[in-house]
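Chains as they are written, first to last, in the numbering used here: chain A, 44 to 277; chain B, 44 to 277.
Cβ atoms here follow ideal geometry from the backbone N, Cα and C, with glycine treated the same way.
Shown next, in structure tokens, is the structure this report addresses.
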DNA sequence: CAATTAAAGTGTTATGATAACACTTTAATT
DNA sequence: AATTAAAGTGTTATCATAACACTTTAATTG
């Protein structure tokens, strides 16, 4: 089998490798995605998922972090690879294999560097994403699916909220992400019962009704529980 | 952003693209994986996951089907992409990005063509997989993880069994796949309660005790239920 | 400043799923 | 005919979840 590899690697083909990253955020009401508007052909004026070519001596994961940092001004972002999209005709100008990622950011921290991206990047509600350039709609759908699976079984929803948040905010996020409603009392019991949230003294401010308690996600505790075979669900 | 793409695509890099496919089977006692023994350097005599380079005008999914057909003699195999493995130094001889897949086959149907593969391919129990060439152990682990996730939430276990099977065989498969035991009575109630199995008249043969009823997976019924928002679990 | 508002936060019960385990049945072998 | 070994069933206790009513609290309003 390796002989084959050798034989063919003498006629090494030319593929372009790119990364594309679906960036999710939550503005308190809607789950949003960062999309850019293309300025040139092909697909001029279409929406697209941010991405870039991978350098010759670059790990695609690093390339994605690079793009993400230029795009949002952030580091240490939650990031997971989705899969590769590599159809023969996905890019009109040549063979480009893209490795797709998705990432979750706290939208309040979003602070793009003044770069080529800044002007064109806009937060778009996930319901409003329709057509996109290339096969980017498929990539987006695939990212949303993966996020919905993950969010049920891993406590990653917090990546989309501020460090400190109320249970109502959390419930809201889950409802919007999963397109489903939860009973308030039951939702609280379930979440608090997991013992993953640290209740703070601080209360919500500037609301015209009883202010809610603020919480913070306890990541050490989660790491601990994981070792003891705990499994987050819903 | 597209300007960047253009700028860089003028200095289009050379990447090799390969596919690797983790092929699972179940021999009645153990979950196994098809591994090949490398005949040449690097990693001579190491075990490896079967794969090949992707041709210039070939879809990676088709490339995988091609490899799989050469390797097993089968078509229409259950096949899912895992993700891309693309670290800079994963291949000592040059930059190769691999798109990893996993597939499930009915081991009784395994019937390799007399090709370069045949001699070297062996079924190895998943517990016995240790070192492998390149980053193939990582690919294998990742495939096993994915399979374990999927098998709990999709009725794909049947892809590993003969068309007709007993409930004990099914339970055995699940226990080996998930490394866990199930109560017989409860397992049966759960599975039969889903109404996804067609009981056959045929009974098990040549056993020195009460013969078990044979069943067949009802894929039309599953397609139907899926539309009605049914979700398989465990 | 008492009444009102709107959401925060809690308690209670009915229902259903699951786990645990004992039991009966059946064909083949001895 | 007795024995064996696994097939296959039934019963109950326990726990998780869903549904819903209720109490509490700070800010706003007239």
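For residue 127 of chain A versus residue 139 of chain A, is the C-beta distance shorter than 8 Å?
no
Those residues which DSSP pairs with residue 60 of chain B across a bridge
B:140
To the nearest angstrom, how far is the alpha carbon of residue 260 of chain B from that of residue 213 of chain B?
11 Å
Going by DSSP, what residue range makes up the beta strand (DSSP E) through residue 244 of chain A?
240-246
Nearest to residue 73 of chain B by CA position, among B:80, B:89, B:148, B:169, is which residue?
B:169
If you run the structure through DSSP and keep just helix, strand and coil, what is residue 105 of chain B?
helix
Show which residues of chain A have a CB atom less than 9 Å away from the CB atom of residue 130 of chain B.
102, 103, 104
Short CB-CB distance (under 8 Å) between residue 212 of chain B and chain A
no
With 16 other Cβ atoms within 10 Å as the buried cut-off, status of residue 85 of chain A:
exposed
Is residue 220 of chain B closer than 8 Å to residue 194 of chain B when the C-beta atoms are compared?
yes
Just list the beta strand (DSSP E) runs in the segment 150-215 of chain B, keeping only unbroken ones of 3 residues or longer that don't cross its boundaries, in chain order.
165-168
Nearest-angstrom Cα distance between residue 100 of chain B and residue 131 of chain A?
6 Å
Beta-carbon separation (whole angstroms), residue 110 of chain B vs residue 94 of chain B, contact threshold 8 Å
6 Å
For residue 71 of chain A, does the count of other Cβ atoms within 10 angstroms reach 16, so buried, or fall short, so exposed?
exposed
Under 8 Å between C-beta atoms of residue 186 of chain B and residue 239 of chain B
no
Supposed close pair residue 148 of chain B, residue 92 of chain B - CB separation, criterion 8 Å:
Contact flag wrong, Cβ pair sits at about 15 Å.
Residue-level contact to chain B via CB, residue 170 of chain A, 8 Å cutoff
no
According to the neighbour-count rule (16 or more other Cβ atoms, all chains shown, within 10 Å of its Cβ), is residue 103 of chain B buried or exposed?
buried
Which residues bound the beta strand (DSSP E) around residue 127 of chain B?
121-128
For residue 72 of chain A, does the three-state DSSP call read helix, strand or coil?
coil
Mind checking which residues open and close the alpha helix (DSSP H) that includes residue 96 of chain A?
Looking at the DSSP string, residue 96 of chain A is not in any alpha helix (DSSP H); the run it does join, the beta strand (DSSP E), is 94-96.
First and last residue of the uninterrupted alpha helix (DSSP H) at residue 264 of chain B
262-270
Are the beta-carbon atoms of residue 63 of chain A and residue 143 of chain A separated by less than 8 Å?
yes
Does the CB of residue 223 of chain B have a neighbour CB from chain A at under 8 Å?
no
Assuming residue 243 of chain A and residue 207 of chain A make a contact with CB atoms under 8 Å, what is their CB distance in whole Å?
6 Å
By the DSSP assignment, the alpha helix (DSSP H) with residue 230 of chain A in it spans what residues?
227-236
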